[in-house]
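What follows is a set of notes on a single structure, which appears directly below.
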């Protein structure tokens, strides 16, 4: 008899990065938006953290809080250049 290998549980990119928002969804929307010919694997995470850093700097804070991430995602959803990107806040 041939033993079948047990499948490992799938690990999402969000859990690998230790984040709560959907990295795959943002990646998919970046690719769908035709912003560039090629998009790196870390681009969705970097983009959100970069915008959250700007929000934190505007608040005169040095650390990015969950609130800054929420505001960054909300801000991205409102910009026409990033049309269709998700807004996870309860608005």
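Numbering (the working numbering), first residue to last: 73 to 163. Every residue gets a Cβ at the ideal spot worked out from N, C-alpha and C, and that includes glycine. Everything numeric in this text was worked out from a predicted model, so none of it was measured.
Where residue i sits in the DSSP three-state scheme
i: residue 111; result: coil
i: residue 138; result: helix
i: residue 87; result: helix
i: residue 74; result: coil
i: residue 128; result: helix
C-beta contact flag for residue i and residue j at 8 Å
i: residue 127; j: residue 108; result: no
i: residue 79; j: residue 96; result: no
i: residue 111; j: residue 148; result: no
i: residue 98; j: residue 120; result: yes
Start and end residues, alpha helix (DSSP H) containing residue i
i: residue 102; result: 95 to 104
Please determine if the region 115 to 122 and the region 99 to 107 are in contact, where contact requires at least 3 C-beta pairs separated by less than 8 Å.
The region 115 to 122 is in contact with the region 99 to 107.
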